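Enquirer:
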Amino acid sequence: MGHLLNEPIRAVHDPAGRLTAYEWRGSRYAVDEILKTYGTSREARVYRVRINGDDGVAIAELSRDADRWRIRHIFSA
Numbered sequence: 792m793g794h795l796l797n798e799p800i801r802a803v804h805d806p807a808g809r810l811t812a813y814e815w816r817g818s819r820y821a822v823d824e825i826l827k828t829y830g831t832s833r834e835a836r837v838y839r840v841r842i843n844g845d846d847g848v849a850i851a852e853l854s855r856d857a858d859r860w861r862i863r864h865i866f867s868a
């Protein structure tokens with residue numbers, strides 16, 4: 792089961808605009824891979840990503856509405 796969070800995050804992008812990491816609750820998590828995306832560019836998009844942080848590897852579901860990013864769920868990998 793995942794943990795429902797729905798909290799704001801600070802997204803980190805590379806010069807090409809790709810999501811490479813995010814910061815949440817004082818920790819930084821590297822985005823290893825985008826596994827799946829939902830929604831359209833006109834609507835809010837949801838990204839399911841594999842992340843790597845101090846606690847190890849996990850799957851996170853992030854949402855983006857314009858430039859506002861939120862972490863929605865975390866699943867153990």
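What the sequence shown shows, in my numbering, is residues 792 to 868, in sequence order. Think of the CB as a built atom: it goes at the ideal place given N, C-alpha and C, for glycine as much as any other residue. Since this is a predicted model, take the numbers as computed values, not measurements.
I need the DSSP call for GLY830, collapsed to helix, strand or coil.
Expert: Coil.
Enquirer: Are ILE842 and VAL822 close, meaning C-beta to C-beta below 7 Å?
Expert: Yes. Within cutoff.
Enquirer: Please list the terminal residues of the continuous beta strand (DSSP E) segment that includes ILE765.
Expert: Shown here, the chain extends from 792 to 868; a query on residue 765 therefore has no answer.
Enquirer: What separation, rounded to the nearest whole angstrom, lies between the Cα atoms of LEU748 and TYR820?
Expert: A query on residue 748 cannot be resolved here, the shown segment of the chain reaching from 792 to 868 and no further.
Enquirer: Beta strand (DSSP E) containing GLY844: first to last residue?
Expert: Its beta strand (DSSP E) spans residues 836–844.
Enquirer: Taking 7 Å as the threshold (C-beta atoms), are GLY830 and VAL840 in contact?
Expert: Contact flag unset, no.
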